[in-house]
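Working notes, structure below.
Number of protein chains: 2
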Amino acid sequence: MKRTVLKFGGTSVANLERIARVADIVAARQAEAGGLAVVVSAMSGTTNQLVDWARGAAGEDLRGEAFDDEYDVVVASGEQVTSGLLALALRRRGLKARSWLGWQLALKTDDAHGKARIMGFEGEDFVRSVDSGEIAVVAGFQGVDDYGRVSTLGRGGSDTSAVAVAAALKADLCDIYTDVDGVYTTDPRIVAKARRLEKISYEEMLELASLGAKVLQTRSVELAMNHRVPVRVLSSFEGAVPAPGAGTLVCDEDQIVEKQVVSGVAYSRDEAKFTLIGVEDHPGVAAVIFGELADAGVNVDMIVQASAKSEGRQNIVFTAPDRDAPHARQVLEKAREKIGYENLLVARDVAKVSVIGVGMRSHAGVAKTMFEALSAKGINIQVISTSEIKISVLIDASYTELAVRALHTAYGLDAD
Amino acid sequence: MKRTVLKFGGTSVANLERIARVADIVAARQAEAGGLAVVVSAMSGTTNQLVDWARGAAGEDLRGEAFDDEYDVVVASGEQVTSGLLALALRRRGLKARSWLGWQLALKTDDAHGKARIMGFEGEDFVRSVDSGEIAVVAGFQGVDDYGRVSTLGRGGSDTSAVAVAAALKADLCDIYTDVDGVYTTDPRIVAKARRLEKISYEEMLELASLGAKVLQTRSVELAMNHRVPVRVLSSFEGAVPAPGAGTLVCDEDQIVEKQVVSGVAYSRDEAKFTLIGVEDHPGVAAVIFGELADAGVNVDMIVQASAKSEGRQNIVFTAPDRDAPHARQVLEKAREKIGYENLLVARDVAKVSVIGVGMRSHAGVAKTMFEALSAKGINIQVISTSEIKISVLIDASYTELAVRALHTAYGLDAD
């Protein structure tokens, strides 16, 4: 039996008119699908209101783990409302439908409230209900922990709910309806010639998602990859039934016939560069530095250990999110004696530009193309970091657009 | 161990400032109570908004049982929000507290969604938690049916939640905080000399509640009577810890030492009088009339079968809520042949005035006092109906205030 999962975000269910439009899409999709589950976010704006109330009740100073379980109780109510409303709108159209809340699904999570991870989802009753022809309207973003308390999956968590539901249903397709019509080779606001990708591999999407392309929550891509759930990113503002080839399919690498060496160019401006000058050169010093930062919750990204200077001292360069920069500086200044360094420099006017592609694995010269293209535009590379399917460079932030456009052209990604 | 239940309505938790005020009251009450449970309604206005959305999604025409389960999913979210917020506000004050939703309590109801009745509530985990010193913040108005679906208890249902929680806890007291400071001998807006009752019996409160005194939901009084839960009605706008003798205690008749013959005078303007003229006088005709009305959901109150006319025909008079009058008229006109009557008169400018008191059981002449007092003011009685502890009369609506004042004086209820 063909089973399909559809997911609609907060702007798609922002009011009764939009919910009616979603109900029309679901009704149209019902015809082609055997079993259908629909995952909804809260009305856009609702979650912010609920978060404000929770913070107001708890007090700004008192945020933290001791409050997160009740924060989740408050915030999860938004998706409860939209799931009920969409079920009503579907019944109005003569369809069989019912809502499912996190605890009714028994979508089990850990107890890291506010940012819980899905631990398991069997959903036997749920699968049976979907197979009976009843449309399941699932409240996204929420689950239940081992103690029977409400949990939420963090911002964008409804994407992850949708993939978890698709995995439990062994769905043929998980369609994520958003306000963009797919995943692009790069940000179309910067590169007019950016192209929509028909397909992208899980691995590439994961790199894109974690690099700040806000189309899908990173965890949803991880979960889709682990369970081999085909995920399609679609616009909710086009026709009810997607045209063939619409959107972008996130799928297994094997399903992509024409592999590009580089599939996309991503960038992030939320970067800060830290340079520790004259660090004592002895074993364990890196463990001390990055241990202190990890304990303080600072997420370190690129790390470069520069060539040793005289007198057994060296420089260590790393990047972290710019929003964490003041906090990271405090941590490092406090630990100055423990680490043993001469000077600390923090540059906040930097950006990270990356090229991503599974084709890199089998192609030489990908890095060379990148460096030549940047050099031709006179862009200086401050830090380089690579993974199997990604090359990232740190540059002066003012060159971001120039670099992205140059790389998009250099790798032959420009639309005709 | 002394266990106490506090209940706060929608105006008491209407915003963060009011919730903070409630948290202060709870903190003050915590000191005197061993175990404490607090039941909350939704923020005032929220429930109306949610109801509007649910009706908008389902369509006005399509209300009814086929939609009520999802209506409940939507509407129950309001109490989820306030229970989480109050738990946060209590923790901010350094108190141990957690929220409990209907399904977490396992407050079992029937599946009459939108107006469900509580079927059972054991709450072993809940009682254990309260006894451990953790303040239980209970989302009122909601339960869960046998199918694991969310149910709601109807308007005012949070009162019933509070009494059910108090029964499960075998609480010493269930304090209902409202916007009035107790139950009065009659409506103080009509009779300036109305007095607050220190105590009232369950039976009397039940008559008052069903007669339209909107202090407590009728079912909450029934439940309190069945489980012998002492319920106190208090103002939430006075001191945090109630002064001795504050509010009105609803309790067992045996606990009331000085019994008045009549405890209160109630009235209702939501009345319509139906007169069926020339009804065929044969067995079973009343069953046909009131069967048709019951099937149509019309709640018939007073019934009088007037003296038989000639030719084997009679008149039948009854009352029903005025809001149901157009519908009831349609039902009766449609069933005209089936019933067999000559004419139908509907009077909508009528009101019901009642005197209530457990003392009536042992006192003669109570009705005589009523009829004399009304007669002295020139008020004509259209219909009379009595129960063991109540006498009701139907009069011209324009005499309502005059009648209430006259009866309040006649039974010696006026304050000094």
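Top line first, the protein sequences correspond to chains A and B.
Each residue of the first sequence is one higher than the one before, counting from 1 in the numbering used here.
Each residue of the second sequence is one higher than the one before, counting from 417 in the numbering used here.
From the three backbone atoms N, C-alpha and C, an ideal C-beta is built for every residue, glycine too.
From a predicted model like this one, the values you see are computed outputs, not experimental measurements.
Under a criterion of Cβ atoms nearer than 8 Å, no residue of chain A is adjacent to GLU448(B); the nearest Cβ is some 24 Å distant. Your pair THR594(B) and VAL649(B) checks out as a contact, with CB atoms roughly 6 Å apart and the cut at 8 Å.
Excluding the 5 residues flanking it on each side, TYR815(B) has same chain C-beta neighbours closer than 6 Å at ILE795, in chain order. In the DSSP annotation of this structure, the continuous segment of the beta strand (DSSP E) that includes ASP270(A) starts and ends at 264-280. Chain A has no Cβ within less than 8 Å of the Cβ of SER679(B). Between the C-alpha atoms of ALA209(A) and LYS338(A) there is a straight-line separation of about 36 Å. Under the Cβ criterion (8 Å, minimum of three pairs), the region 664-680 of chain B counts as touching the region 616-623 of chain B.
In this structure, the beta-carbon distance from THR185(A) to LEU413(A) falls below 8 Å.
Residue ILE256(A) holds the alpha-carbon nearest to the alpha-carbon of GLU198(A) among ILE256(A), GLY120(A), LYS214(A), TRP53(A). The beta carbon of ASP69(A) lies closer than 6 Å to those of HIS113, ARG149 in the same chain, with the five residues before and after it left out. The shortest CA-to-CA distance from ALA27(A) to any of ILE356(A), ALA168(A), ALA87(A) is the one to ALA87(A). Unbroken beta strand (DSSP E) stretches of 3 residues or longer found wholly inside the region 124-159 of chain A: 135-139, 142-144, 150-152, given in chain order. The criterion of a C-beta distance shorter than 8 Å is satisfied by PHE557(B) and SER457(B).
Counting only runs of 4 or more residues that sit fully inside the region 778-802 of chain B, the alpha helix (DSSP H) segments are 782-792, in chain order. If you draw a straight line from the Cα of LEU153(A) to the Cα of GLU433(B), it comes to about 29 Å. In the displayed model, LEU208(A) falls within a helix according to three-state DSSP.
At least one beta carbon of chain B lies nearer than 8 Å to the beta carbon of ILE19(A). Boundaries of the beta strand (DSSP E) harbouring TYR593(B): 589-594, taken from the DSSP string. Three or more Cβ pairs closer than 8 Å define a contact, and the region 34-49 of chain A meets that threshold against the region 77-92 of chain A. Rounded to whole angstroms, ALA403(A) and ASP270(A) show a C-alpha spacing of 16 Å. In summary, the residues of the region 452-476 of chain B whose CB is separated from some CB of chain A by less than 8 Å are LEU466, TRP469, ALA470, GLY472, ALA473, ALA474, GLY475, in the order they occur in the chain. GLU804(B) is classed as exposed because its beta carbon has fewer than 16 other beta carbons within 10 Å across all chains shown. Taking a beta-carbon distance threshold of 8 Å, LEU504(B) counts as an interface residue toward chain A.
Sequence-distant partners of ARG329(A) (beyond 5 residues in either direction) whose C-beta falls short of 6 Å from its own C-beta, in its chain, are VAL346.
Secondary structure note for VAL40(A): its beta strand (DSSP E) is the uninterrupted segment 35-40. Contact between the region 279-295 of chain A and the region 233-246 of chain A is not established, with fewer than three Cβ pairs separated by less than 8 Å. Identification of residues in the region 423-434 of chain B having a C-beta nearer than 7 Å to some C-beta of chain A yields LEU432, given in sequence order. For ALA578(B), the secondary structure class from DSSP, reduced to helix, strand or coil, is helix. The beta carbon of ASP324(A) sits closer than 6 Å to the beta carbons of VAL298 from its chain, once the five residues preceding and following it are set aside; these are given in chain order. Scanning its chain for C-beta atoms nearer than 6 Å, with the 5 sequence neighbours on each side dropped, one finds around ARG635(B) the residues THR576, in chain order. For a Cβ distance threshold of 9 Å, nothing in chain A lies close to SER545(B): the least Cβ distance comes to about 11 Å.
With a beta-carbon spacing of about 7 Å, ALA320(A) and PHE274(A) fall inside the 8 Å limit used to define contacts. Spanning the alpha carbons of GLY45(A) and TYR563(B) requires a straight line of approximately 32 Å.
Around SER814(B), no beta-carbon contact reaches into chain A at under 7 Å, the shortest distance being about 43 Å. Rounded to whole angstroms, the separation of the alpha carbons of ILE807(B) and ALA783(B) is 7 Å. Apart from sequence neighbours up to five positions away, the residues of its chain that approach SER801(B) with a beta-carbon distance below 6 Å are MET718, SER808, ordered along the chain.
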